[in-house]
Structures are given as C-alpha cells and as structure tokens.
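Letter by letter, the sequence shown follows residues 12 to 354 of the working numbering.
Down below is the structure, laid out as structure tokens.
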Amino acid sequence: MQFSNPLFLWTLAGLSIPIGIHLLSRKEGKVIRLGSLRHLQETSTQQFRGIRLNEVLLLTLRCLLITVLSLLLSGLHWDSHGEKRWVLIEKGLENQSHLISMLDSLNDEGYESRWLADGFPLFRDSVSVTKVKSYWQIIEQLRTVNPSEIVVFAQNNASSFRGIRKSLPPNVRWISQSSGDLDYPLQVIQVSNDSLNVRTGHTNENETYFTSEKVSKKGSFMESSPMETITINLISDKNHIYDQKIMKAVLEAISKSFPVNLTIEETILNKSSGIKTADWTIWLCDDEIPATSSKLIYLKSKLSNDLINLVKPNRWIITKRLTEEVALKENLTLEVAGILLPE
Numbered sequence: 012m013q014f015s016n017p018l019f020l021w022t023l024a025g026l027s028i029p030i031g032i033h034l035l036s037r038k039e040g041k042v043i044r045l046g047s048l049r050h051l052q053e054t055s056t057q058q059f060r061g062i063r064l065n066e067v068l069l070l071t072l073r074c075l076l077i078t079v080l081s082l083l084l085s086g087l088h089w090d091s092h093g094e095k096r097w098v099l100i101e102k103g104l105e106n107q108s109h110l111i112s113m114l115d116s117l118n119d120e121g122y123e124s125r126w127l128a129d130g131f132p133l134f135r136d137s138v139s140v141t142k143v144k145s146y147w148q149i150i151e152q153l154r155t156v157n158p159s160e161i162v163v164f165a166q167n168n169a170s171s172f173r174g175i176r177k178s179l180p181p182n183v184r185w186i187s188q189s190s191g192d193l194d195y196p197l198q199v200i201q202v203s204n205d206s207l208n209v210r211t212g213h214t215n216e217n218e219t220y221f222t223s224e225k226v227s228k229k230g231s232f233m234e235s236s237p238m239e240t241i242t243i244n245l246i247s248d249k250n251h252i253y254d255q256k257i258m259k260a261v262l263e264a265i266s267k268s269f270p271v272n273l274t275i276e277e278t279i280l281n282k283s284s285g286i287k288t289a290d291w292t293i294w295l296c297d298d299e300i301p302a303t304s305s306k307l308i309y310l311k312s313k314l315s316n317d318l319i320n321l322v323k324p325n326r327w328i329i330t331k332r333l334t335e336e337v338a339l340k341e342n343l344t345l346e347v348a349g350i351l352l353p354e
C-alpha cells in the first residue's frame, strides 16, 4: 500500500472535529423535582439508550467520511510489484547486446525472464528450448498463465504465423525484434562453360529479397548445379476455376523467388480429361481423386486451424477454398513452397 500524495494525510487531523463535538455535547440533564413518581415508575429507559447509540453511530460515520476523503486526496493505491510479471525471449535473440540491457532493466523492476517456447521455461533452462513453430499456439498458452503483465520479444518469423489469427491477451505486450541482417547463398547455377549465376538471399527486419549475379567460374567457392525442374499438374473443375487462378499465382511467385523451374500444366476437368505424368498433382475438384503415383495436394474443406495438413506420406490436404484473403492471411505461398521445396 502506497500514497501518491502523502502530504494530504494531514487532513486526518480533521477527525478531531467530530470527536470534539461529540465530547462537548455530552451535558448532564437538568434535575427536575416532582411531587409524585407514581406515573414514572413504568417508563422504559430503552428510548434513552437508543439516543446514545445513535450518537455513537453518527460519530463513526462522520469519522469514516473524513478518513475516506483524506485517503483519496493522498492517492492511496496498492503496489502491484508483488504480482508475477514475465519477460519472454524467443530463441536466437538472447545474444543481442541491446536486448540484454533491456532484460537487465526489466529484471530490476521485478520481471522474471523466461523463454518464448512451449511451457515458458526459465531463461537459465536453455537445453531443451527450440524455436517457435506457431505464434498462435504460444498466444493460446499465454491465456492460461496468470502473470499480471507479460512482455514478449519475438522475431516474428513469417513461417511461424500459421493458422487462424489470434488476438493478444490484454496483459501481453508483443515487441518485434530483428535477428539482424542475413545474407545467404541459395544456389549456384552453371550458365555456360566459364560463367555461373549465383543467387543470394538477403533478409533484414523490413524485407526478404533475392539477387542474382553472373560470375566467372574461375575461383568459384561453391559447386555449381543445374536448376531443378519440377513438373506440376494443376487440375480444377468449373466450380474451382478461381481456386486454380490463386494457386497458379502462388506457383509463379515461388518460381520467381527460388532457384527452381516450375513447369505447370493447367487442366479444366471434363469427361475426356486424363492425368498426365508429373512430379506433383494439385487437385482442386469435387470429383473423387484418381489414383496417381505423383505427390498430391488436394482440396477438401474441413474444420482445421491449419490451411494445409499432411494426411499421408506425399499427400497433403487444403482445408479451405482459395481466395485472395485466405492466401494472404494464411501465407499460402510459404506453405506451398515449404511442401514443394522442403530443402
């Protein structure tokens, strides 16, 4: 319990006013001599006791009113430092110098350091801590714990935002932290006998992009490899033409962003349609799925937190009809890229 303006506690001296009035008003009654007491013998004294009780109750109410007014003016409040407060750090951010200084400051204010991971283990217990697979699942776990305040430092990896978006609990403050600029070679493709095309990825807190540069084969530090080609049968019926357009845009985005050549064969299903041999078949139809030896992604609406689920080896199911909103909200491009290009 603390006071914001303790100087106003002097107003408690006002309690002396009703107490003084009460004491000064206690006067002895006048003595009146009567000739006969015959008519006063049966008079009850309960009425006079009630008067004295009412005076004490009135005194108490007056004192209570002055006390409450004084406490309000002095800013009475209860300190919340006794309640649990957490600061959660995602794996991979623990060595950043600016974050370490923030953690020290929060620890001095009474925050307990823990990992942003399943079960929220203590910060010193780092042996079994792994990177977050789904931020939405972590947010659901945060609803079940009882700290009064939680500060989260997360990298906000796009691949970890899978499933239906969840709202943050009111006691959670989510702060995005950059893992730093990262440049990484994706693949070296041989263009001619003496030149190579080097494709490099660049990632920072604002964007991820790719560049290609033609270099001389001499002095190359990487072993070149031909561009991988993946053949895909994209099949839909008349009821799923728009789904097919969304998937086609996703595949084209993957082809432009990764060192892979996607050969896409689009088909609108009819009675005479046949399935051609390909590495992958993407089936966006209401008809029964035919037997195929290729890897298969097919559409079948069902209740699920994830847009794409692995149901069997080399068999994936899309649980929602494809629209622009679903593609953006559920990160469809990354989901499909993670299946077609698991490396």
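Idealized CB from N, CA, C, for every residue including glycine.
Residue burial is scored here from C-beta neighbours: S247 has at least 16 other C-beta atoms within 10 angstroms and is therefore classed as buried. When secondary structure is reduced to three states using DSSP, L197 falls in the strand class.
Scanning I265, L68 and R135 for the CA closest to the CA of L345 turns up I265. For T330, the closest of L153, D129 and L310 by C-alpha to C-alpha distance is L310. Burial is judged here by how many other beta carbons sit within 10 angstroms of a residue's own beta carbon; P270 has at least 16 and is buried.
For the pair S189 and Q166, the Cα-to-Cα distance works out to about 6 Å. The criterion of a C-beta distance shorter than 8 Å is satisfied by I308 and I350. Three or more Cβ pairs drawn from the stretch 160-180 and the stretch 96-114 lie within less than 8 Å of each other, which places the two stretches in contact.
Counting along the chain, no alpha helix (DSSP H) covers E224; the unbroken beta strand (DSSP E) around it starts and ends at T219 to S227. Between the alpha carbons of V143 and R326 lies a gap of roughly 25 Å.
Taking C-beta separations shorter than 8 Å and ignoring five residues to either side along the sequence, the partners of R125 in its chain run W97, V98, L99, I100, F131, P132, L133 and F134, following chain order.
The beta-carbon separation of V322 and I328, rounded to 5 Å, stays under the 8 Å limit for a contact. CA-to-CA, the gap between T78 and L23 works out to about 6 Å. By the beta-carbon neighbour count (other beta carbons within 10 angstroms, threshold 16), L35 is exposed. In the three-state DSSP reduction, R332 falls in the coil class, being neither helix nor strand.
Exposure of L75 is indicated by the presence of fewer than 16 other C-beta atoms within 10 angstroms of its C-beta.
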